[in-house]
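Peer 1: The opening position of the sequence shown corresponds to residue 9 in the numbering used here, with each subsequent residue numbered one higher. Glycine included, C-beta positions come from ideal geometry on N, C-alpha and C.
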Amino acid sequence: MIMNTENRTEKTLDSTMDAEKCLEDIRTMMTTGHKSIRIEKHTFFYWGITGALLTALIAFLYRNTAIHMNTVAYAVLCVVVLGLVGYFDYRKTRKIRSSQDESVSFIQVKMTKIWWLLIGTAILFNVGLMVYSGTFVYSIWFVLIGIAIIIHGSFSTEPLAKFGFALIAIGVVLPALLPYTGLTWVAISVYGFGIPLLGFMLYQKTGFWQANKVYAVIVWLVIAVVPGYAAYKIESNINKIDVPTTSISLAEYMSQPTPQKGLQVVHIPAGTIVPLKLSAKGDLIDDGMPIELPLTLNKSIEFVLENGKLNGVYRVEQGDWSNISSQQILRINDLFIDINAQKGLNMDTQLGLLPTRK
Numbered sequence: 009m010i011m012n013t014e015n016r017t018e019k020t021l022d023s024t025m026d027a028e029k030c031l032e033d034i035r036t037m038m039t040t041g042h043k044s045i046r047i048e049k050h051t052f053f054y055w056g057i058t059g060a061l062l063t064a065l066i067a068f069l070y071r072n073t074a075i076h077m078n079t080v081a082y083a084v085l086c087v088v089v090l091g092l093v094g095y096f097d098y099r100k101t102r103k104i105r106s107s108q109d110e111s112v113s114f115i116q117v118k119m120t121k122i123w124w125l126l127i128g129t130a131i132l133f134n135v136g137l138m139v140y141s142g143t144f145v146y147s148i149w150f151v152l153i154g155i156a157i158i159i160h161g162s163f164s165t166e167p168l169a170k171f172g173f174a175l176i177a178i179g180v181v182l183p184a185l186l187p188y189t190g191l192t193w194v195a196i197s198v199y200g201f202g203i204p205l206l207g208f209m210l211y212q213k214t215g216f217w218q219a220n221k222v223y224a225v226i227v228w229l230v231i232a233v234v235p236g237y238a239a240y241k242i243e244s245n246i247n248k249i250d251v252p253t254t255s256i257s258l259a260e261y262m263s264q265p266t267p268q269k270g271l272q273v274v275h276i277p278a279g280t281i282v283p284l285k286l287s288a289k290g291d292l293i294d295d296g297m298p299i300e301l302p303l304t305l306n307k308s309i310e311f312v313l314e315n316g317k318l319n320g321v322y323r324v325e326q327g328d329w330s331n332i333s334s335q336q337i338l339r340i341n342d343l344f345i346d347i348n349a350q351k352g353l354n355m356d357t358q359l360g361l362l363p364t365r366k
């Protein structure tokens, strides 16, 4: 009887130890699965050296006045160089894993896509700031929220990725179509209507509003963007000024004894020299006396005056009327500082005057 009891005790202990070992093996396997991402040594060399060389090359191209480095050239250069190093990195990683009889884990595949998404976003932000300047502020928010949704969707059963890409598309496309005021209304609409609607659609199991339907992202885009665009057009029509159809010359305007009441259009023809007064001030410099830079108009321009003062409405040639406050007008395209024995210290600056959209 005593022997049987001892045998049963030993078997129970063995069973308990086997169960604990199995649980430990399961925990180890789960930890390995959750922490299955490994960046190979060559990846740091590939991307580090490429980043250094690309940064140096871009800086050289922008400094070298003999080479025209514009926004398109910058984007193409980044995409080509980073795309090539990414391809070689991918091939090298696969080769190493294959030689070790391993495969690239599911999580690492997802994280690699996220890396590419972030790299593409960095290029997009640079290009956007070059092209749109301050107008790109809303786009940054759209793109970042879109990226967050895509990353979340990579590890979720919910069909979030396509809505994240839709938000990125809004941030990329709309600054080329709308001024700052229009983007403000669209942002209000996307946040106020689009985001709550997305939450509603994700939890619809059946029916038209299901988020996993093929057409769902189109429906979402329309409902998210159209109210904001409609509000912008309504506001524009309310604030629209009935511009006179006839105009007067600058000489006629200057010959008027007193400012005229109401609206007037002043026409300034191409070839007119317009003095631009410039001054600069900072920690290292004092502005001194402002200088006048004579600018020659390449195209005719018309300004609207209200009660003898500019109200911000203008148009170039016979184009659409625009508001001068709707977008940044003046920006520095290039700034070159040099010092030499003949001229000493000097700075060369190129300014850009940007016509605004209606």
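May I have a chain-ordered list of the beta strand (DSSP E) segments no shorter than 3 residues that lie completely inside the stretch 252-339?
Peer 2: The qualifying runs are 271-276, 281-286, 299-304, 309-314 and 317-324.
Peer 1: Just to confirm, are Leu191 and Leu182 a CB contact at a threshold of 9 Å?
Peer 2: Residue 191 sits at position 183 when you count from the first residue of the sequence shown. Residue 182 sits at position 174 when you count from the first residue of the sequence shown. Yes, they are a contact pair.
Peer 1: How big is the Cα-Cα spacing for Ile57 and Val89?
Peer 2: Translated into the one-based positions of the sequence shown, residue 57 becomes position 49. Translated into the one-based positions of the sequence shown, residue 89 becomes position 81. Spanning the two alpha carbons is a distance of roughly 12 Å.
Peer 1: Indicate whether the contact test is met: 3 or more Cβ pairs, each with one atom in the stretch 229-243 and one in the stretch 191-207, closer than 8 Å.
Peer 2: A contact exists between the stretch 229-243 and the stretch 191-207.
Peer 1: Once DSSP output is grouped into helix, strand and coil, what is the label at Ile47?
Peer 2: Taking the sequence shown and counting its residues from 1, one reaches residue 47 at position 39. Coil at Ile47, not helix or strand.
Peer 1: Going by the beta-carbon positions, is the gap between Tyr82 and Val145 smaller than 9 Å?
Peer 2: For the purposes of this step, residue 82 is taken as residue 74 along the sequence shown, with counting starting at 1. For the purposes of this step, residue 145 is taken as residue 137 along the sequence shown, with counting starting at 1. No. Outside cutoff.
Peer 1: Roughly how many angstroms separate the alpha carbons of Leu126 and Ile153, rounded to a whole number?
Peer 2: Looking up residue 126 in the sequence shown gives position 118. Looking up residue 153 in the sequence shown gives position 145. Approximately 12 Å between the Cα atoms of the pair.
Peer 1: Under DSSP, the alpha helix (DSSP H) around Gly172 begins and ends at which residues?
Peer 2: Residue 172 sits at position 164 when you count from the first residue of the sequence shown. Its alpha helix (DSSP H) spans residues Ala169 to Val181.
Peer 1: Please state if the CB of Val282 and the CB of Glu310 are separated by a distance shorter than 9 Å.
Peer 2: For this step, residue 310 is matched to residue 302 along the sequence shown. For this step, residue 282 is matched to residue 274 along the sequence shown. Contact: no.
Peer 1: In its own chain, which residues sit with a C-beta less than 7 Å from the C-beta of Thr129, not counting the 5 before and 5 after it?
Peer 2: Here residue 129 refers to the residue found at position 121 when the sequence shown is read from its first residue. So the qualifying residues of the chain are Val151 and Ile155.
Peer 1: Judging by CA-CA distance, which residue of Glu166, Ile148 and Ala60 is the nearest neighbour of Leu175?
Peer 2: Along the sequence shown, read from residue 1 onward, the residue named residue 175 stands at position 167. With distances taken between Cα atoms, Leu175 lies closest to Ile148.
Peer 1: Within the same chain, show all residues whose beta-carbon is closer than 8 Å to that of Phe96, passing over the 5 residues directly before and after it, in chain order.
Peer 2: Here residue 96 corresponds to residue number 88 of the sequence shown, with the count starting at 1. Counting only Cβ-Cβ distances below 8 Å, and skipping sequence neighbours, we find Tyr54.
Peer 1: Classify Leu185 as helix, strand or coil using the three-state DSSP reduction.
Peer 2: Counting from 1 along the sequence shown, the entry for residue 185 is found at position 177. Coil.
Peer 1: Closest by CA to Pro252, which one among Gly270, Asn245, Gln108 and Tyr240?
Peer 2: Stepping through the sequence shown from its first residue, residue 252 is reached at position 244. Comparing Cα-Cα distances from Pro252 to each of Gly270, Asn245, Gln108 and Tyr240, the minimum goes to Gly270.
Peer 1: Straight-line CA distance for Ser330 to Ile226?
Peer 2: Start at 1 with the first residue of the sequence shown, and residue 330 comes out as number 322. Start at 1 with the first residue of the sequence shown, and residue 226 comes out as number 218. Computed Cα separation, rounded: 31 Å.
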